[in-house]
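**Student:** Quick mapping for you: the protein sequence lines, in order, are chains F and S. The letter at position 25 of the first sequence is residue 24 when you use numbering that gives the first Met the number 0, and the numbering goes up by one with no holes. The letter at position 51 of the second sequence is residue 50 when you use numbering that gives the first Met the number 0, and the numbering goes up by one with no holes. Beta carbons are placed, not taken as given, at the ideal position from N, Cα and C, and that holds for glycine. Below is one structure. I have some questions about it.
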Amino acid sequence: MGVVIVLTPVVIGSWPVIAAAVTAAAAGLGLNVSEKVKEALQEEQQTNEQQVEVQLEDSQVLADSVASGKELVLTKDNITLKVTRDARGECKICASGQGYTQAELKQIAEQFSQKVSQCFIYNRTITELKRHNFQTVDEDVTEDGTIRVHVRRWED
Amino acid sequence: MAQHDIEITISKTGEVRVHVKGAKGKNCMEYAKWLTQVIGKVKDQKLTSEYYEPEEKNRIDLKQELRADD
Numbered sequence: 000m001g002v003v004i005v006l007t008p009v010v011i012g013s014w015p016v017i018a019a020a021v022t023a024a025a026a027g028l029g030l031n032v033s034e035k036v037k038e039a040l041q042e043e044q045q046t047n048e049q050q051v052e053v054q055l056e057d058s059q060v061l062a063d064s065v066a067s068g069k070e071l072v073l074t075k076d077n078i079t080l081k082v083t084r085d086a087r088g089e090c091k092i093c094a095s096g097q098g099y100t101q102a103e104l105k106q107i108a109e110q111f112s113q114k115v116s117q118c119f120i121y122n123r124t125i126t127e128l129k130r131h132n133f134q135t136v137d138e139d140v141t142e143d144g145t146i147r148v149h150v151r152r153w154e155d
Numbered sequence: 000m001a002q003h004d005i006e007i008t009i010s011k012t013g014e015v016r017v018h019v020k021g022a023k024g025k026n027c028m029e030y031a032k033w034l035t036q037v038i039g040k041v042k043d044q045k046l047t048s049e050y051y052e053p054e055e056k057n058r059i060d061l062k063q064e065l066r067a068d069d
């Protein structure tokens, strides 16, 4: 009873906030994380390495000194995912790796992008609910990866 | 004292479903507006019978300063 709304998330935050969501998503997918200054990365691309870029939909990384020139590098097996803020301020995910097709890398990058959105929205929503004195009644993650949270507060 | 419950489901793709329970009338919509500000863009919205019930005397207080970097 009440109201039911379905929302499409908008991911807007400073680099540390986005980085927190990226780190949580990486942990959930078993990826290793390291934050590096882009200029310091001088790795040469392997000639046979495929590379795919996807945008994190409806995202904006707020410009600040921390965001400039930084990227998060995530690795697992032969796959590397690089998360950066592009010139327009959107969050960009670049997947590369040997032995994978462009389609496979695109799927991996998109799966990771969705996980980042999920983690970002979870962090942001829970923070706001707690700020307004809501208490968690129940919380679980279903088999398909959906997060369910039930919160409650009392009004005079 | 009125019990206000919110059930939030965040799918694997990031889509969010919010179900506000216990808050009646306009109070119900106050929660919906607030959570829309926090989360993103409305894709679908459905009012249930509780919305049409008489609301509590006191309006809920959701005054806040939404900060994008929170």
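1) Report the CB separation of F:T135 from F:V115 in whole angstroms; it is logged as a contact under 8 angstroms.
2) If you count every other CB in all the chains shown that lies within 10 Å of the CB of F:E142, and 16 or more means buried, which is it?
3) Closer than 8 angstroms is the cut-off here; do at least three beta carbon pairs connect the segment 9 to 29 of chain F with the segment 116 to 126 of chain F?
4) With DSSP as the reference, please indicate the residues paired to S:C27 in a beta bridge.
5) If you follow the alpha helix (DSSP H) that F:K105 is in, where does it begin and where does it stop?
6) If you reduce the DSSP assignment to three classes, tell me which class F:L55 lands in.
7) With a cut-off of 8 angstroms on the beta carbons, I'd call F:T145 and S:I9 a contact; round off their distance for me.
8) Report yes if the C-beta distance between F:K4 and F:C90 is below 8 angstroms; otherwise report no.
9) Going by C-alpha distance, which of S:G24, S:V19 and S:K42 is nearest S:A31?
**Tutor:** Reading it off the structure:
1) Residue 135 of chain F sits at position 136 when you count from the first residue of the first sequence. Residue 115 of chain F sits at position 116 when you count from the first residue of the first sequence. Not confirmed; about 23 angstroms, so no contact.
2) Start at 1 with the first residue of the first sequence, and residue 142 of chain F comes out as number 143. By the neighbour-count criterion, in which 16 or more other beta carbons inside 10 Å mark a residue as buried, F:E142 falls on the exposed side.
3) yes
4) For the purposes of this step, residue 27 of chain S is identified with residue 28 of the second sequence, where counting begins at 1. Paired residue(s): none; S:C27 is not in a bridge.
5) Indexing the first sequence from 1 puts residue 105 of chain F at position 106. F:K105 -> alpha helix (DSSP H) spans Q101 to R130.
6) To locate residue 55 of chain F, count along the first sequence from 1; it is residue 56. Of the three classes helix, strand and coil, the one that applies to F:L55 here is coil, per DSSP.
7) In the first sequence, the residue the question calls residue 145 of chain F occupies position 146. In the second sequence, the residue the question calls residue 9 of chain S occupies position 10. That pair is a contact at about 7 angstroms.
8) Looking up residue 4 of chain F in the first sequence gives position 5. Looking up residue 90 of chain F in the first sequence gives position 91. Note on residue identity: the sequence assigns Ile, not Lys, to residue 4 of chain F. The answer is no: Cβ separation not under 8 angstroms.
9) Within the second sequence, numbered from 1, the residue matching residue 31 of chain S stands at position 32. Of the listed residues, the one whose Cα sits closest to S:A31 is S:V19.
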